[in-house]
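Below: the structure, in structure tokens.
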Amino acid sequence: MLHSTLTVGKVEITVLHDAEVASPFSQSFPDVPAEAWEPYLKRYPEAFIGGDSRRTHFECYLVRSQGRTLLVDTGLGTGATNPNTVNQMFGGTEGVLLTELESAGYQPGDIDTVFLTHLHLDHVGWNMTGSGGIGSPTFPNARYVAHEADWAAFNTPKDSEIFGFDWWADTVAPLRKAGVLDLMPGETELTSELTITPTPGHTPGSMSLMINSGGETAFLMGDVFHGPAQVTETDWVFRFDMDSDQAGRTRREILDRAERENAVIAICHHSGFGRVIRENGRRYWQAL
Ligand SMILES: [Zn+2]
Ligand SMILES: [Zn+2]
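Shown next, in the form of structure tokens:
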């Protein structure tokens, strides 16, 4: 896939496209009636497949700042690295992150920090080179960074099976054993241009990467939004939002901030970059 690269001041962001699936509205937004999607099908045709499914991307981002090389999220992974997720939830669809990374000119050893926006199964898929406790961290020179609240939320056999199967034992627990996982209590500056900040609701430890360089701003927001329609419909509840009220508040707060700072915004499950615009008092995603 052709890489989409964006420069924010002196920071370079490259989208690495791990995978793509069709997600029926009725499964991912069960409380939203089908007809409510119609204006968004017209406005954002690239975000949909057919008349009843979202085109769900699994995007990761390579971010270069002040000599540091970050990877934001590790996607779906493969049948070898994240087998239960790939086979039981996504019908065998496998990610291609490492191929994407290589075609962008980088090797796994070039990454010094893997920032995990949250610890859901579709954002941690390439963490390890194998599953079942076999293998090693895929990015051998990296510290893996996540919020401690997500570790607390999922690190018991019962909680890691909220999707009906265990992904945690293959993808996140082994990072702790390998001694490469740094759990953050809150907002943390990674470089003077990059800050990770809590944006909770989807999961208790969801965080976004805020980029500020040369007077320009961008927010990489993980799963705060599931598609451009939610920029307008901030109350629409995504099925796997763990605290739906807090998720809605976070969406509105981060949109307020994005408008104030004229930020470029990006979300994991939609392709490319956007900005927030207003039409007739309502906010919309506008693709760059
Ligand atoms: Zn998620
Ligand atoms: Zn996700």
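Under my numbering, think of the first position of the sequence shown as 1434, with each following residue one higher. C-beta: ideal position from N, C-alpha, C; glycine also. In this text, all values refer to a predicted model and were calculated from it rather than measured experimentally.
Inset, instruction - May I ask you to check if the CB of Trp1490 is nearer than 7 Å to at least one heavy atom of ligand 1? - result: The amino acid at residue 1490 is misidentified as Trp; the sequence shows His. Flag unset: Cβ of His1490 not near ligand 1.
Inset, instruction - Indicate, with yes or no, if ligand 1 has a heavy atom lying under 7 Å from the CB of His1580. - result: no
Legend entry - Residue range of the unbroken beta strand (DSSP E) whose run includes Val1454: 1444-1457
Legend entry - Terminal residues of the alpha helix (DSSP H) in which Asp1615 lies: Looking at the DSSP string, Asp1615 is not in any alpha helix (DSSP H); the run it does join, the beta strand (DSSP E), is 1614-1617.
Inset, instruction - Mark Asp1678 as exposed unless 16 or more other C-beta atoms lie within 10 angstroms of its C-beta, in which case mark it buried. - result: exposed
Legend entry - Reference Ala1452; option with closest CA among Arg1476, Thr1532, Ala1720: Thr1532
Inset, instruction - Jot down the residue ranges of each uninterrupted beta strand (DSSP E) in the stretch 1598-1644, minimum 3 residues, whole runs only, in chain order. - result: 1614-1617, 1621-1624, 1627-1631
Legend entry - Asn1517 burial status per 10 Å Cβ neighbour count (16 or more: buried): buried
Legend entry - Nearest residue (CA-CA) to His1450, options Gly1483, Leu1495, Leu1530, Ser1498: Leu1530
Legend entry - Of the listed residues Glu1445, Glu1686, Ile1710, nearest to Val1657 (C-alpha basis): Glu1686
Inset, instruction - Taking only heavy atoms of ligand 1 into account, decide whether any of them is closer than 7 Å to the Cβ of Asp1656. - result: yes
Inset, instruction - Report back the beta-carbon spacing between Thr1489 and His1702 to the nearest angstrom; my notes put them in contact at under 8 Å. - result: 5 Å
Legend entry - Cβ-based burial, Gly1480 [other Cβ within 10 Å; buried from 16]: As written in the sequence, residue 1480 is Ala, which differs from the Gly given in the question. That one is buried.
Inset, instruction - Compare the beta carbon distance of Gly1512 and Val1519 with 8 Å and say whether it is the shorter of the two. - result: yes
Inset, instruction - With DSSP as the reference, please indicate the residues paired to Ile1710 in a beta bridge. - result: Tyr1717
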